[in-house]
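S.K.: Dropping a structure here in structure tokens format, bear with me for questions.
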Amino acid sequence: MGQLQNKTALVTGASTGIGLAIARRFAAEGATVYLTGRRKAELDAAVQQIGDRAIAVPSDVSRTDDLDRLFEGIAARSGRLDIVVANAGVGGYEPLGLITEEDYERTTAVNLKGTIFTVQKALPLLDAGASVILLSSSAALRATPGLGVYAATKAAIRSLARTWAGELADHGIRVNALTPGPVATPGADELRAALPGGDRDAQGAAPATPTPLGRVGRADEVAAAALFLAGDASSFTTGAELPVDGGATQL
1 MGQLQNKTAL VTGASTGIGL AIARRFAAEG ATVYLTGRRK AELDAAVQQI GDRAIAVPSD
61 VSRTDDLDRL FEGIAARSGR LDIVVANAGV GGYEPLGLIT EEDYERTTAV NLKGTIFTVQ
121 KALPLLDAGA SVILLSSSAA LRATPGLGVY AATKAAIRSL ARTWAGELAD HGIRVNALTP
181 GPVATPGADE LRAALPGGDR DAQGAAPATP TPLGRVGRAD EVAAAALFLA GDASSFTTGA
241 ELPVDGGATQ L
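Residues in the sequence shown are numbered consecutively from 1, following the UniProt record's numbering.
Written out as structure tokens, the structure is:
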């Protein structure tokens, strides 16, 4: 029997990369998984890949009306959520002197506003024992020139995990932050390639960001950490931050 048998989960930003890997792993462990994201074609492809336990619901987490429709649909179909993974996020190379109001609004709308209202609107569906997982980033812990706005939103997410863990403890709902470091995903590869010195090599691959383990991570490694936070193995863990970064922020 899988570790998430008979559980119902929501993963935002689930069409590609880390979100897709988390949704795939949760389904493999027995959960029914709602995948949401802005690109319907990619969501449909993800559902085809995962199988019958996956349900695609296109939505934009930066739009509260989209979130209302998302949770109305989940309530009507499943009646509850056991796991919420707030993974949807955007970012780009934006040095201080080049940040535009549009850049700022876009990044904060998805990363911060989207996380806040995803969790808020999920609350009526969460019972004691539920797990909320917020995706932060190692960029919040180490200075990376050009990622100021993105890093600030991810630092805020880490703070929200602490605050909400305290607010929801009496309800038996756990809230933790999952903090990936450099991971090989399409979005992360593009971001690393945009950083100074990040030109792609002759084979077209973005260079690896150094970690003490000598490589970038894989999305399935982040998914394994998400599984720990989602399941009963972490039943006494709340308000914590779990780095999955090859030691980059610790050593």
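The beta-carbon is built from N, C-alpha and C at its ideal position, and this holds for glycine as well. As the structure is a prediction and not an experimental result, all values here were calculated from the model.
Mind checking who Leu178 pairs with in its DSSP beta bridge?
M.R.: DSSP, once it has assigned bridges, lists Leu135 and Leu242 as partnering Leu178.
S.K.: Can you give me the Cβ contacts of Glu3 inside the same chain, cut-off strictly under 6 Å, excluding the 5 residues immediately before and after it?
M.R.: Before going further, note that residue 3 is Gln rather than Glu in the sequence given. Hits under 6 Å: Glu29 and Gly231.
S.K.: Taking all protein chains shown into account, decide if Phe26 is buried (16 or more other Cβ within 10 angstroms of its Cβ) or exposed.
M.R.: Buried is the call here.
S.K.: Express the C-alpha separation of Tyr34 and Asp66 in angstroms, rounding to a whole number.
M.R.: Each residue's alpha carbon lies about 14 Å from the other.
S.K.: Under a Cβ-count criterion, where at least 16 other Cβ atoms within 10 Å of its own Cβ denotes burial, should Ser159 be classed as buried or exposed?
M.R.: Label assigned to Ser159: exposed.
S.K.: Is it the case that the Cβ atoms of Pro180 and Ile18 are separated by a distance below 8 Å?
M.R.: It is a contact, given that the beta carbons lie within the stated cut-off.
S.K.: Give the single residue among Leu96, Val61, Arg24 and Ala14 whose Cα lies nearest to the Cα of Ala41.
M.R.: Nearest of Leu96, Val61, Arg24 and Ala14 to Ala41, Cα basis: Ala14.
S.K.: How many whole angstroms separate the CB atoms of Thr36 and Thr12, which I take to be in contact at a CB cut-off of 8 Å?
M.R.: So it is a contact: roughly 5 Å between Cβ atoms.
S.K.: Residues in its own chain within less than 6 Å of Ala109 by CB, not counting five upstream and five downstream?
M.R.: Contacts found: Ser62.
S.K.: Is the separation between the beta-carbon of Ala130 and that of Ala140 shorter than 8 Å?
M.R.: Taking 8 Å as the Cβ cut-off, Ala130 and Ala140 do not qualify as a contacting pair.
S.K.: To the nearest angstrom, report how far apart Ala23 and Leu96 are at their CA atoms.
M.R.: Taking the straight line joining both Cα atoms gives about 35 Å.
S.K.: Based on Cα-Cα distance, which residue from Gly246, Trp164 and Pro212 lies nearest to Ala240?
M.R.: Per the Cα distances, Trp164.
S.K.: Quick one, which of Arg80, Gly114 and Gln49 has its alpha-carbon nearest Ala9's?
M.R.: Among Arg80, Gly114 and Gln49, the Cα nearest to that of Ala9 belongs to Arg80.
S.K.: Do you know offhand how far Arg106's Cα is from Leu70's?
M.R.: If I take the Cα positions, the gap works out to 21 Å.
S.K.: Which two residues bound the contiguous alpha helix (DSSP H) that contains Leu168?
M.R.: Gly148 to Leu168 is the span of the alpha helix (DSSP H), which, as asked, contains Leu168.
S.K.: I'd like to check one pair, Ser234 with Phe228: are the Cβ atoms closer than 8 Å?
M.R.: Yes, the pair counts as a contact, with Cβ atoms nearer than the cut-off.
S.K.: Does the Cβ of Asn111 have 16 or more other Cβ atoms within 10 Å, making it buried, or fewer, making it exposed?
M.R.: Answer is buried; the Cβ neighbour count reaches 16.
S.K.: Where does Thr115 land, buried or exposed, given buried means 16+ other C-beta within 10 angstroms?
M.R.: Buried, by the Cβ-count rule.
S.K.: State yes or no: is the C-beta of Gly187 nearer than 7 Å to some heavy atom of the ligand FAD?
M.R.: Among the ligands in the structure shown, none appear at all, so the ligand FAD cannot be discussed.
S.K.: Thinking Gly73 and Val57 are a contact (beta carbons under 8 Å), I'd like their distance in whole angstroms, please.
M.R.: Right, their Cβ atoms sit about 6 Å apart.
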